[in-house]
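A.B. asks: Before I ask anything, let me first share the structure, which is written out below as structure tokens.
Residue numbers (the working numbering): 113 to 470.
Right, here's the structure in full:
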């Protein structure tokens, strides 16, 4: 197993993606989202180390741990053909998405990947329910956590509570948008953990450990935790562990946007983690809120598309957008500080300049 020299395998074009400056992390341009699902060529990439090159002939997913009665290893062909296959459409989002906007809101800067709005994408994922794999090893009744471990050089790993591991829509995916899983997105197999932060959906999966005790690793103690006032530490962690994501929205325009005057259709996306999007409202320049039209089905774990008509007048404007979910959570006006700049959920305030002539 080696690593690519460039950090990622797929071509990265500024016409489609935003470079976050690490050489590993690239966001999807919101103005280059052509449909409900994100094409692979512009699906965001978040990695802790260069994309590994894995020889599938020698690869196997090893399943064990003190709560696994009969440890097993599952090869690639077996994973793709022996177990029932399912397909789900789900959105993945990094917990640090909009970190730059979060810093601008609070007048500060945060360490970590400098994401704008693009660390979010959606795909159809095909593979095996994690619970079907775990059934083969005989999971103990008192099992607590399942740790997923990556084969990348960083050894990325994150535990799931047993209930989330056994959920209908937690899968080990081997295909993405109807094609074999691409290298940058986890080939030969990855987790897809619906509605949770992207870091839970471990790529380049190599091992699953089923445990009778809670598992703590750097990815749920030092990183991907909320540190600061109001965030109580969980076990040995520095703060509260991030799991399900909150409500957020974006407009499918550049930042800032430049438009011609006259009738426009403003389109965007909203996401609500494990919940579904129930409503999206907008207003222009601090005016009254109006309901946008949601143009896609309400599906938990998958973003919704929305739009509204606007007669754009020349000048500088701010379009504000807020979404609400199926549990009555609404985007707040402001997001409270946390040390690592995670979980920015504030009402979107998108700057737009309308020219004086068509």
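Cβ atoms here follow ideal geometry from the backbone N, Cα and C, with glycine treated the same way. Values in this document were obtained by computation on a predicted structure and should not be read as measured data.
Can you tell me which of 240, 437, 457 and 164 puts its alpha carbon nearest to the alpha carbon of residue 191?
C.D. replies: Closest option to residue 191, Cα to Cα, is 240.
A.B. asks: Considering just the uninterrupted stretch of the alpha helix (DSSP H) at residue 456, what are its terminal residues?
C.D. replies: Unbroken run through residue 456: none, as it is neither H nor E.
A.B. asks: Would you mind listing the beta strand (DSSP E) stretches within the segment 127-206 that are 3+ residues and don't spill past its ends, in chain order?
C.D. replies: Counting whole runs of 3 or more residues, the segment 127-206 contains the beta strand (DSSP E) stretches 129-131, 138-140, 172-176, 184-187 and 198-205.
A.B. asks: Which term fits residue 131, buried or exposed, when burial requires 16 or more other beta carbons within 10 angstroms of its beta carbon?
C.D. replies: So residue 131 ends up on the exposed side.
A.B. asks: Using only alpha-carbon positions, find the residue among 298, 438, 187 and 219 that is nearest to residue 386.
C.D. replies: The shortest C-alpha separation from residue 386 is found at 438.
A.B. asks: Only counting the same chain, and skipping five residues up and downstream in sequence, which positions put a Cβ closer than 6 angstroms to that of residue 415?
C.D. replies: Excluding sequence neighbours, residue 415 sits near 203, 234, 381 and 383.
A.B. asks: Which value, in whole angstroms, describes the spacing of the CA atoms of residue 277 and residue 306?
C.D. replies: Each residue's alpha carbon lies about 10 angstroms from the other.
A.B. asks: Please list, in chain order, all residues of the same chain as residue 461 whose beta carbon is under 7 angstroms from its beta carbon, the five residues on each side excluded.
C.D. replies: 430 and 432.
A.B. asks: Should the segment 314-322 be regarded as contacting the segment 209-225, the criterion being three or more beta carbon pairs within less than 8 angstroms?
C.D. replies: Result no; under three Cβ-Cβ pairs closer than 8 angstroms.
A.B. asks: Quick check: the Cα distance between residue 332 and residue 466, rounded to an integer number of angstroms?
C.D. replies: Residue 332 and residue 466: Cα-Cα distance of roughly 45 angstroms.
A.B. asks: To the nearest angstrom, report how far apart residue 225 and residue 206 are at their CA atoms.
C.D. replies: Approximately 10 angstroms, taken between the alpha carbons.
A.B. asks: Whose C-beta lies closer than 8 angstroms to the C-beta of residue 113 among residues of the same chain, with five residues either side of it excluded?
C.D. replies: Unreliable placement is indicated for residue 113, whose pLDDT of 42 sits below 50; the coordinate value is still reported in the next sentence. Here the set comprises 164, 165, 166, 167 and 263.
A.B. asks: In angstroms, rounded to a whole number, what distance separates the CA positions of residue 389 and residue 294?
C.D. replies: Approximately 29 angstroms between the Cα atoms of the pair.
A.B. asks: Taking only runs that begin and end inside the segment 338-420, name each unbroken beta strand (DSSP E) of 3 or more residues, in chain order.
C.D. replies: Taking only runs of at least 3 residues, the beta strand (DSSP E) segments lying wholly in the segment 338-420 are 360-363, 369-371, 374-383 and 389-396.
A.B. asks: What residue from 410, 458 and 324 has the CA that sits closest to residue 218's CA?
C.D. replies: It is 458.
A.B. asks: By Cβ distance, which residues of its chain are closer than 7 angstroms to residue 160, with the 5 residues on each side in sequence left out?
C.D. replies: Result list for residue 160: 264, 266 and 268, in chain order.
A.B. asks: Give the straight-line distance between the Cα atoms of residue 144 and residue 364, rounded to the nearest whole angstrom.
C.D. replies: Rounded to the nearest angstrom, the two C-alpha atoms are 8 angstroms apart.
A.B. asks: Which term fits residue 321, buried or exposed, when burial requires 16 or more other beta carbons within 10 angstroms of its beta carbon?
C.D. replies: By the 10 Å Cβ count, residue 321 comes out buried.
A.B. asks: Give me the residue from 343, 297 and 435 with the minimum Cα distance to residue 451.
C.D. replies: Residue 451 has its Cα closest to that of 343, out of 343, 297 and 435.
A.B. asks: Are there 16 or more other CB atoms within 10 angstroms of the CB of residue 126, so buried, or fewer, so exposed?
C.D. replies: Under this definition residue 126 is an exposed residue.
A.B. asks: Do residue 396 and residue 406 have their C-beta atoms within less than 8 angstroms of each other?
C.D. replies: Not in contact: residue 396 and residue 406 (Cβ atoms no closer than 8 angstroms).
A.B. asks: In angstroms, rounded to a whole number, what distance separates the CA positions of residue 420 and residue 404?
C.D. replies: Approximately 5 angstroms between the Cα atoms of the pair.
A.B. asks: Going by DSSP in three states, residue 113 sits in which element: helix, strand or coil?
C.D. replies: Model confidence at residue 113 stands at a pLDDT of 42, short of 50, so the residue's coordinates are unreliable and nothing is read from them.
A.B. asks: Is the beta carbon of residue 283 less than 8 angstroms from the beta carbon of residue 237?
C.D. replies: Yes.
A.B. asks: What does residue 245 pair with, by DSSP beta-bridge criteria?
C.D. replies: None, per the DSSP bridge assignment.
A.B. asks: Can you determine whether any heavy atom of the ligand SAM sits closer than 7 angstroms to the C-beta of residue 261, and answer yes or no?
C.D. replies: You won't find the ligand SAM in this model; it holds no ligand whatsoever.
A.B. asks: Excluding sequence positions up to five away, which residues of its chain have a Cβ less than 6 angstroms from the Cβ of residue 250?
C.D. replies: Hits under 6 angstroms: 181 and 182.
A.B. asks: Helix or strand or just coil, what does DSSP make of residue 477?
C.D. replies: Examination of residue 477 is not possible in this model, given that the chain is present from 113 through 470 alone.
A.B. asks: So, for residue 271: in the same chain, excluding its five sequence neighbours on each side, which residues have a beta-carbon less than 6 angstroms away from its beta-carbon?
C.D. replies: The residues are 257, 259 and 327.
A.B. asks: Just how far apart, CA to CA, sit residue 220 and residue 185?
C.D. replies: Each residue's Cα considered, the two are about 48 angstroms apart.
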